[in-house]
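> 1 is the number of the first residue of the sequence shown in the UniProt record's numbering; add one for each residue after it.
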Amino acid sequence: TWAFKSLPKLQHVDLRDNALKKIDSLPNLINVMLGDNRIQSTSYWKIQFINATVLDLKGNRLGNLGDLYELLQFPGLKYLALKNNRLSYCFKYKDVAKDNQLIYLDLGDNMLKLIWERGLCLDVFKALSHLEILYLNNNYLNFIPEGIFSELVSLKTLNLSNNLLTSISQDAFPTNLKFLNLSSNQLFYPDPQLFATLDQLDITHNTFYCNCLLSNFIMWLNQTNVTLDGSRNDIFCSGPPEFADAPLHVLDTENCNEHKLMEPLQLSLFILTCVSITVFLVAVVVFTRFRGVCFRWYKTLTQFLMKELPPQLDQQGYKYDAYLCYSSKDFEWVQSSLITHLDSQFSKKNRFELCFEDRDFLPGEDHISNIHDAVWNCRKTICVVTRQFLKDGWCVEAFNFAQSRYFSDLEDILIMVVAGSLSQYQLMKYQPIRIFLQRGQYLRWPEDHQDLEWFLSTLSHQIMKEKKIKKSPALELKVIRVS
Numbered sequence: 001t002w003a004f005k006s007l008p009k010l011q012h013v014d015l016r017d018n019a020l021k022k023i024d025s026l027p028n029l030i031n032v033m034l035g036d037n038r039i040q041s042t043s044y045w046k047i048q049f050i051n052a053t054v055l056d057l058k059g060n061r062l063g064n065l066g067d068l069y070e071l072l073q074f075p076g077l078k079y080l081a082l083k084n085n086r087l088s089y090c091f092k093y094k095d096v097a098k099d100n101q102l103i104y105l106d107l108g109d110n111m112l113k114l115i116w117e118r119g120l121c122l123d124v125f126k127a128l129s130h131l132e133i134l135y136l137n138n139n140y141l142n143f144i145p146e147g148i149f150s151e152l153v154s155l156k157t158l159n160l161s162n163n164l165l166t167s168i169s170q171d172a173f174p175t176n177l178k179f180l181n182l183s184s185n186q187l188f189y190p191d192p193q194l195f196a197t198l199d200q201l202d203i204t205h206n207t208f209y210c211n212c213l214l215s216n217f218i219m220w221l222n223q224t225n226v227t228l229d230g231s232r233n234d235i236f237c238s239g240p241p242e243f244a245d246a247p248l249h250v251l252d253t254e255n256c257n258e259h260k261l262m263e264p265l266q267l268s269l270f271i272l273t274c275v276s277i278t279v280f281l282v283a284v285v286v287f288t289r290f291r292g293v294c295f296r297w298y299k300t301l302t303q304f305l306m307k308e309l310p311p312q313l314d315q316q317g318y319k320y321d322a323y324l325c326y327s328s329k330d331f332e333w334v335q336s337s338l339i340t341h342l343d344s345q346f347s348k349k350n351r352f353e354l355c356f357e358d359r360d361f362l363p364g365e366d367h368i369s370n371i372h373d374a375v376w377n378c379r380k381t382i383c384v385v386t387r388q389f390l391k392d393g394w395c396v397e398a399f400n401f402a403q404s405r406y407f408s409d410l411e412d413i414l415i416m417v418v419a420g421s422l423s424q425y426q427l428m429k430y431q432p433i434r435i436f437l438q439r440g441q442y443l444r445w446p447e448d449h450q451d452l453e454w455f456l457s458t459l460s461h462q463i464m465k466e467k468k469i470k471k472s473p474a475l476e477l478k479v480i481r482v483s
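See the structure below:
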């Protein structure tokens, strides 16, 4: 170094292939060639090539990637070669200078894997906005750290050859990249979208596994406009055994066409869906049109399978099962629609003993007394509410008597059947009915004749059902003595 002090205008020096272990400050040099020496990373070592534009330190013994941060403090440095050193750890004292002008960086033949797998110095390329060429070959890399290249907005050439990469994430490379070398890695199924913006690609000597997962890449190789470096025969299969060493460009991917593979499945799904929808719609139409028949079949099948027997009614001292209350003007309709289907005296198939005015009221007896006896001597009271019913004072009185048992005997014995075109609003105008609707529900006579059997079954169930009302616990009275 002392020899150069007498040469203040010296700008270019080539000291390659020597045994230099350290170098002192050479501030005026522009091109410094120090490759293949023995320069090491030490805590006190600093090189001051303030004006250097080109610096070659390849083939030395630098182990600390933090030295790169120091070298990038030189504002004029554009070309830096650190190839074939021993970069395997990182202790940095400064961040990369934001005003650096670095264009070319060679970090090949080092051990960057040992640094990045510990999460160290992942910002090494963060401020290299002018970098155009980057070499990272032979660094034992088996992964690319997320976002490591994201700020290399000027990068054109990237060499990642001779590493251990098996897969690469979709956004690993910057969109401005044009030349990429991925040769001699261990890629199995590379995504063609990774190479969409490239002009030139070397992907020879990888471990491609040739099954249908690779079909998109094979088709891309045969159709792409990207220039492929190396022989196409060097892009070959590593497995399975039947395809070992077969060049990718000779493989037929016709049997891997996803659309053709999916066609039988899609057709099957289409047919299955159409059949399912058709069966469902037919079932809905059949049930809607023949729901009465379906209900009869259901009842018959249930009785056959369950060996169901009609439950016996416990009379509990009652003379009748139900008192049928209706307006005298509705008698003919009530007789044909209800009595003939429920009263045991009309048919042996019917199971209930009904009480109704036209047959069971005592002639000459006070009408109020007849209504009272009918309500209290029957397990249930069925009120057939029609427009005529609401106009009949005796019917309304019977309705009130039936409601009174709710409060006196704590039994809900009233069954309300609404027939005709009475709306909820019209029913609510009558206070007794309004009180009933606040605590209970009513049955409505079906408009469609095929729903009649379902309605009669529901009504029969209501007649047999016991509805006890829970009594509120009485307040316990205590004697309070006043002294």
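Don't be surprised by glycine CBs; every beta carbon is placed ideally from N, CA and C.
Between the Cα of residue 185 and the Cα atoms of 193, 191, 173, 161, which residue gives the shortest distance?
Among 193, 191, 173, 161, the Cα nearest to that of residue 185 belongs to 161.
> Who pairs with residue 380 in a beta bridge, going by DSSP?
BP columns for residue 380 point to 322.
> Going by DSSP, what residue range makes up the alpha helix (DSSP H) through residue 360?
Residue 360 -> alpha helix (DSSP H) spans 357 to 360.
> Which partner residues of residue 81 appear in the DSSP bridge assignment?
Beta-bridge pairing links residue 81 to 56, 106.
> Hey, how far is the Cα of residue 44 from the Cα of residue 134?
Because residue 44 carries a pLDDT of 49, less than 50, the predicted location of this residue cannot be relied on, and the following value inherits that uncertainty. Answer to the nearest angstrom: the Cα atoms are 28 angstroms apart.
> By how many angstroms is the C-alpha of residue 204 removed from the C-alpha of residue 233?
Using only the alpha carbons, I get a separation of about 8 angstroms.
> For a test of the three-state rule: what should DSSP assign to residue 13, helix, strand or coil?
Looking at residue 13 - three-state DSSP - the assignment turns out to be strand.
> Helix, strand or coil, according to DSSP, for residue 18 in the structure here?
Of the three classes helix, strand and coil, the one that applies to residue 18 here is coil, per DSSP.
> Mapping the DSSP letters down to three states, classify residue 44 as helix, strand or coil.
For residue 44, the pLDDT reaches just 49, beneath the cut-off of 50, and the residue's location in the model is therefore unreliable, leaving the point undetermined.
> As a quick exercise: from 208, 215, 183, pick the residue whose alpha carbon is nearest that of residue 200.
Comparing Cα positions, the closest option is 183.
> Determine the burial state of residue 38: buried for a count of at least 16 other Cβ atoms within 10 Å of its Cβ, exposed for fewer.
The residue is exposed, with fewer than 16 neighbouring Cβ atoms inside 10 Å.
> Report the residue from 119, 364, 211, 421 whose alpha carbon sits nearest the alpha carbon of residue 240.
Nearest option by C-alpha distance: 211.
> What do you reckon, are the CB atoms on residue 63 and residue 41 nearer than 7 angstroms?
Against a cut-off of 7 angstroms, the Cβ pair of residue 41 and residue 63 comes out as a contact.
> In this structure, how does DSSP classify residue 489 when only helix, strand and coil are distinguished?
Missing from the structure shown is residue 489; the chain here goes from 1 to 483 and no further.
> Could you tell me whether the stretch 114 to 126 touches the stretch 79 to 94, where touching means 3 or more Cβ pairs closer than 8 angstroms?
Output reads yes: the stretch 79 to 94 touches the stretch 114 to 126.
> Please name the residue, chosen from 407, 389, 435, that lies closest to residue 419 on a Cα-to-Cα basis.
The candidate whose alpha carbon is nearest that of residue 419 is 389.
> Distance check for residue 404 and residue 477, CA to CA, integer angstroms please.
Bear in mind that a pLDDT of 43 at residue 477, under 50, signals an unreliable position, so the number given afterwards is only what the model happens to contain. About 27 angstroms.
> From the DSSP output, which residues share a beta bridge with residue 237?
Per DSSP, 208.
> For residue 277, count the other beta carbons within 10 Å of its own beta carbon; 16 or more makes it buried, fewer makes it exposed. Which is it?
So residue 277 ends up on the exposed side.
> Quick one, are the C-beta atoms of residue 137 and residue 110 less than 7 angstroms apart?
It is not a contact, given that the beta carbons lie outside the stated cut-off.
> Cα separation between residue 270 and residue 383?
Roughly 54 angstroms separates the two Cα atoms.
> Run through DSSP, which three-state label would residue 160 get?
Here residue 160 sits in coil by DSSP.
> Go to residue 124, then tell me how far its alpha helix (DSSP H) extends in each direction, as first and last residue.
First-last for residue 124: undefined, no H or E at that position.
> State whether the stretch 346 to 357 contacts the stretch 314 to 333, with contact taken as three or more CB pairs (one from each stretch) at a distance under 8 angstroms.
Short answer: they touch.
> Am I right that residue 96 and residue 72 are in contact with their C-beta atoms under 8 angstroms? What's the rounded C-beta distance?
Contact holds; Cβ gap of about 5 angstroms.
> According to DSSP, what are the bridge partners of residue 227?
Answer by DSSP bridge pairing, in chain order: 200.
> Find the nearest neighbour of residue 393 within the set 411, 13, 432, judged by alpha-carbon distance.
The candidate whose alpha carbon is nearest that of residue 393 is 432.
> Could you check what DSSP says for residue 279 in three-state terms: helix, strand or coil?
Residue 279: helix per DSSP, three-state reduction.
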